[in-house]
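Notes follow the structure.
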RNA sequence: GGGCGCGUAGCUCAGUUGGUUAGAGCGCACGGUUCACAUCCGUGAGGUCACAGGUUCGAGUCCUGUCGCGCCCACCA
């Protein structure tokens, strides 16, 4: 236990460094991060989105840690068997690339090392990163169960990958085929649709003339943005209804440069209105053309090497890169007089998500997951509401994607990742798919086997995360207990990559959704709204921020900065503000500890017992506390973390500190019994407030809680507060006192009364309110700086001298003899202004109440509010008019 | 080409079934050495809720359209 936890008196200022030092380790040692042993406790599970093991954590990670830890700590306190299962992801392409870049600094490529040696290097790099990530999350206070820390490349999850692959293969949902895929020539691997990002690029639209064979007078002009692909053309397509070309269908054109005869075919996919209405068809390098080629039985000619240069089919252009070949082909076509037009043209071009290289469509032998059968139940789950999204709009985004899926290309020509669990027999060409890591020989003929060279898309293993982390395919206790989880909290940018895939894999493999709720957080941007990136140099390092302001401040700032699905701009000032709030709570607690050291607070098994004192301000704060407990719980249940956090701040700062503590000071100078009552109230309110606050700021609340009277070893495992009934009368009565005080303070300032000066006042209250005012007399005096022996309280109408200042608050009136401090003219002005406001208010109320539709259709409650408003305004008007007359106005 | 989000005080953002005079923090102005806190206290100024219509007794909130900013999806060469 840290020294701080033993202290009964807190240091004079909140210092995050000393507060947080050692606390995490202490919690850990107590075993608080593990799920509880109670077999009856309802489980609450969050599977952590595994950060990539490729680098340090950034503030985006800090945000998800804050949100998930908030949910976990809240549920843990609520009696749930809370499990937050942490992990790390091997990050496929990204991971391999990081190490390749490292190698490059040594002048090496992965091929220099060979597969085995390269993977050793990758492991050597990745292994320590896992622990670094863990360390950084610990700094943030992440209360996850580290004994279950999982890594996608660990033996368990790897076995799960093979098992799922085999399952889907056996079911016919995984197949191998030659398809047109997106190929990154730099990464030299196939990519899935999602890994290709489309950007508009300004280019040209060339019109090329292909001469019609056997008719020297005819040529057909095609439009293309990629003229170099003409080397692979195997047809020209026109629309079957296009009269311009009707007579040409079935004839051939002679392909320039290549001098190949290719047919003119008809296909519905051609848009008659675009360009010339004739399209060159390159089945090997264009998705559209690939489909046309299939329909028209056209050959596909691949003109490209894996590294993006032209192959032998490129003829004279062999060996050139695509951009070079484009220029050269255009020059040659120009020379041959084939170009019929060049137009500026902006069009979307696919780029590799990882490296930004232009992606090339390429026919290649790859492994695919057949999506339709998997998507159907995943669509159904969202539609029938068993899968919900926060915010709700992401449901539409999810459905739109799910309903328009292409088969998923899952093989990658990389080394880092899960190797495809397929072995090819060298003798009988039998193909073995196995869940085992090693297949020694062909089960059919006993011949030697070779494993597929490729690895799987990193998101394949990620998609299994909700169960591969729980020991599946073994039927473990963990699996039985913790699948499915509850909430998947992650960024919206990986809704398709990850969330969607977890959903269909979960449904397919476990027959059950992996979670019932998807909570999506936004992106944390820099102060001006730009996305943070290392190259821009605008990243905020969470470790640095926590070193300065503390993890609590960072967490609170992040959580209360923006709502679900909404991006936020993070400014250091916001973290400072959060730190100031913690300091405020700290000082309130410190103030309270002094009182506790001089009194005895009654405790039961749930901490300080509910105060029962009859002082108005005590009853008020207890009632307000109950209200805040109820509000906070309901906001958290609705995933309104921002509102919950702000609400707590508002309560603690404005109500507890500014009003309750200030008002309570007067009784600390009173009798021992009064002091005792204040202590009990403060102890209870602070205890409950700190518990509500704990999920937002775990470290500071623990320190403070340890310093006040409490029951139990740690606030972490204290129970979540339950709201009792409110006391509406106390709330209403004390609110009137506050309004009175505020109005007196206001005239004091406006009349330039020195802040420290004690003044005299006569307070007039109707008979029904007299007792309330009398009971709060000392508090009013303290808060409004009215001298004890200078305050008179009377029933009935106010009685004022001309030189007095009169203020009205509800049905209460204060008359302040500020003669000499206020001049008559100014006072008259002030009263007229107030009168104007009151008249306006009366006017508004009268309009509302004079509206028949309003009376008839508005709910009675709303109408009553207007009636009360009218009455109140009328009373104030009467008072102010009388006062104005007295002042000679 | 489809879809979504945002536009509320100088700045950052709340405002979940429509209902008093639209809120908070920061910033700003004035005042403050009150024994928890200057990482603070008190008082105050500041908004035609992007614009235009509509529904309604009543609209920041619902509907339609317009403008501006941002994002996502997409195989029109």
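Numbering (the numbering used here), first residue to last: 314 to 1202. Note that beta-carbon positions come from the ideal geometry of N, C-alpha and C, so glycine has one too.
Residue 1136, DSSP secondary structure in three states: To locate residue 1136, count along the first chain from 1; it is residue 823. Here residue 1136 sits in coil by DSSP.
Quick one, which of 777, 974, 950 has its alpha-carbon nearest residue 933's? Within the first chain, residue 933 is the residue found at index 620, counting from 1. Residue 974 holds the alpha-carbon nearest to the alpha-carbon of residue 933 among 777, 974, 950.
Quick one: give me the first and last residue of the alpha helix (DSSP H) that residue 609 is part of. Here residue 609 refers to the residue found at position 296 of the first chain. Under the DSSP assignment, residue 609 falls in the alpha helix (DSSP H) whose first and last residues are 600-609.
Kindly list the residues whose CB is nearer than 6 Å to the CB of residue 366, restricted to its own chain and excluding five residues on each side of it in sequence; keep chain order. Walking along the first chain from the start, residue 366 turns up at place 53. Scanning its chain for C-beta atoms nearer than 6 Å, with the 5 sequence neighbours on each side dropped, one finds around residue 366 the residues 401, 439, 442, 443, in chain order.
So, under 8 Å CB-CB, residue 1093 and residue 1131 are touching, yes? Tell me the CB distance rounded to an integer number of Å. Taking the first residue of the first chain as position 1, residue 1093 is located at position 780. Taking the first residue of the first chain as position 1, residue 1131 is located at position 818. The Cβ separation is near 17 Å, so there is no contact.
Does the separation of the CB atoms of residue 1204 and residue 783 fall below 8 Å? Outside the displayed span of the chain (314 to 1202) sits residue 1204, for which this structure offers no information.
Residue 537: buried (16+ other C-beta within 10 angstroms of its C-beta) or exposed? Here the question's residue 537 lines up with position 224 in the first chain. Buried, since its Cβ has 16 or more Cβ neighbours within 10 Å.
Which class does residue 314 belong to by DSSP, given the choice of helix, strand or coil? In the first chain, counting from the first residue as 1, residue 314 sits at position 1. For residue 314, the pLDDT reaches just 44, beneath the cut-off of 50, and the residue's location in the model is therefore unreliable, leaving the point undetermined.
Quick check on the DSSP output: the alpha helix (DSSP H) that includes residue 1100 runs from which residue to which? Residue 1100 sits at position 787 when you count from the first residue of the first chain. For residue 1100, there is no enclosing alpha helix (DSSP H); the enclosing beta strand (DSSP E) has its first and last residue at 1099-1108.
Inter-residue spacing [alpha-carbon to alpha-carbon] between residue 884 and residue 842: Counting from one through the first chain, the residue named residue 884 turns up at place 571. Counting from one through the first chain, the residue named residue 842 turns up at place 529. Going from the Cα of residue 884 to the Cα of residue 842 covers about 10 Å.
Residue burial classification, residue 1014 (beta-carbon count within 10 angstroms, cutoff 16): Counted from its first residue, the first chain places residue 1014 at position 701. Answer is buried; the Cβ neighbour count reaches 16.
If you draw a straight line from the C-alpha of residue 314 to the C-alpha of residue 888, how long is it? Along the first chain, read from residue 1 onward, the residue named residue 314 stands at position 1. Along the first chain, read from residue 1 onward, the residue named residue 888 stands at position 575. For residue 314, the predicted structure reports a pLDDT of 44, less than 50, and the residue's modelled location is therefore unreliable. A value from the coordinates is still provided. Straight-line Cα distance between these residues: approximately 28 Å.
Exposed unless 16 or more other CB atoms sit within 10 angstroms - verdict on residue 1205: In the structure as shown, the chain starts at 314 and stops at 1202, and residue 1205 therefore has no counterpart that could be examined.
Taking the continuous alpha helix (DSSP H) assigned at residue 1088, which residues delimit it? Here residue 1088 is taken as the residue at index 775 of the first chain, counted from 1. First-last of the alpha helix (DSSP H) with residue 1088: 1080-1088.
DSSP state of residue 379, grouped into three classes? Start at 1 with the first residue of the first chain, and residue 379 comes out as number 66. Helix.
Please state if the CB of residue 377 and the CB of residue 806 are separated by a distance shorter than 8 Å. By one-based count along the first chain, residue 806 stands at place 493. By one-based count along the first chain, residue 377 stands at place 64. Not closer than 8 Å, so no.
For residue 725, the residue or residues it bridges with in DSSP: The residue labelled residue 725 in the question sits at position 412 within the first chain. Residue pairing for residue 725: DSSP places it in a beta bridge opposite 768.
Mark residue 403 as exposed unless 16 or more other C-beta atoms lie within 10 angstroms of its C-beta, in which case mark it buried. On the first chain, position 90 is the one that residue 403 refers to. Residue burial annotation: residue 403 is buried, with at least 16 other C-beta atoms found within 10 angstroms of its C-beta.
Could you compute how far the alpha carbon of residue 1180 sits from the alpha carbon of residue 1123? The sequence position of residue 1180 within the first chain is 867, counting from 1. The sequence position of residue 1123 within the first chain is 810, counting from 1. Approximately 14 Å between the Cα atoms of the pair.
Within this structure, are the beta carbons of residue 547 and residue 470 separated by less than 8 Å? Against the first chain, residue 547 aligns to sequence position 234. Against the first chain, residue 470 aligns to sequence position 157. In this structure, residue 547 sits away from residue 470, with a CB-CB distance that is not shorter than 8 Å.
Considering residue 532, what are the terminal residues of the beta strand (DSSP E) in which it resides? Stepping through the first chain from its first residue, residue 532 is reached at position 219. Start and end: 532-537.
Run the CB neighbour count on residue 616, radius 10 Å, all protein chains shown included, and call it buried at 16 or more, exposed below. Indexing the first chain from 1 puts residue 616 at position 303. The residue in question, residue 616, is buried, as its Cβ has 16 or more Cβ neighbours within 10 Å.
Contact set for residue 643: own chain, Cβ-Cβ below 6 Å, skip 5 residues either direction: Reading the first chain from its first residue, position 330 is the one you call residue 643. Correct list, in chain order: 540.
Roughly how many angstroms lie between the CA atoms of residue 741 and residue 479, to the nearest whole one? Counted from its first residue, the first chain places residue 741 at position 428. Counted from its first residue, the first chain places residue 479 at position 166. So the two alpha carbons sit approximately 20 Å from each other.
Cα separation between residue 1080 and residue 1032? Along the first chain, one-based indexing puts residue 1080 at 767. Along the first chain, one-based indexing puts residue 1032 at 719. Spanning the two alpha carbons is a distance of roughly 44 Å.
Pick from 920, 669, 746 that is closest to residue 1024, judged by C-alpha positions: Residue 1024 sits at position 711 when you count from the first residue of the first chain. Its Cα nearest to that of residue 1024, the residue 920 stands out among 920, 669, 746.
Give me the Cα-Cα distance between residue 650 and residue 571, rounded to the nearest whole angstrom. Translated into positions along the first chain, residue 650 becomes position 337. Translated into positions along the first chain, residue 571 becomes position 258. Residue 571 has its alpha-carbon roughly 15 Å from the corresponding atom of residue 650.
Residue range of the beta strand (DSSP E) that residue 462 falls in? Reading the first chain from its first residue, position 149 is the one you call residue 462. Looking at the DSSP string, residue 462 is not in any beta strand (DSSP E), and its letter there is neither H nor E.
Inter-residue Cα distance where the pair is residue 867 and residue 898: The sequence position of residue 867 within the first chain is 554, counting from 1. The sequence position of residue 898 within the first chain is 585, counting from 1. Residue 867 and residue 898 have their C-alpha atoms spaced approximately 16 Å apart.
Does residue 632 pass the burial test, meaning 16 or more other C-beta atoms within 10 Å, or should it be called exposed? Counting from 1 along the first chain, the entry for residue 632 is found at position 319. Exposed, because fewer than 16 other Cβ atoms sit within 10 Å of the Cβ of residue 632.
Neighbourhood of residue 1195 by C-beta, 8 Å cutoff - its chain only, sequence neighbours within 5 removed: For the purposes of this step, residue 1195 is identified with residue 882 of the first chain, where counting begins at 1. So no residue of the chain qualifies.
Curious, which full-length alpha helix (DSSP H) runs of at least 4 residues does the stretch 425-502 contain? DSSP runs (the alpha helix (DSSP H)) wholly in the stretch 425-502: 428-452, 468-483.
Under 8 Å between the Cβ atoms of residue 535 and residue 583? Along the first chain, one-based indexing puts residue 535 at 222. Along the first chain, one-based indexing puts residue 583 at 270. Pairing residue 535 with residue 583 gives a Cβ-Cβ distance that is not under 8 Å.
Answer yes or no: do residue 1077 and residue 1109 have a C-beta to C-beta separation smaller than 8 Å? On the first chain, residue 1077 is found 764 positions in, with the first residue counted as 1. On the first chain, residue 1109 is found 796 positions in, with the first residue counted as 1. Residue 1109 is positioned such that its CB atom lies closer than 8 Å to that of residue 1077.
Nearest candidate by alpha-carbon position, reference residue 1008, set 980, 957, 965: What you label residue 1008 is simply residue 695 of the first chain in a count that begins at 1. Nearest in C-alpha terms to residue 1008, of all of 980, 957, 965, is 957.
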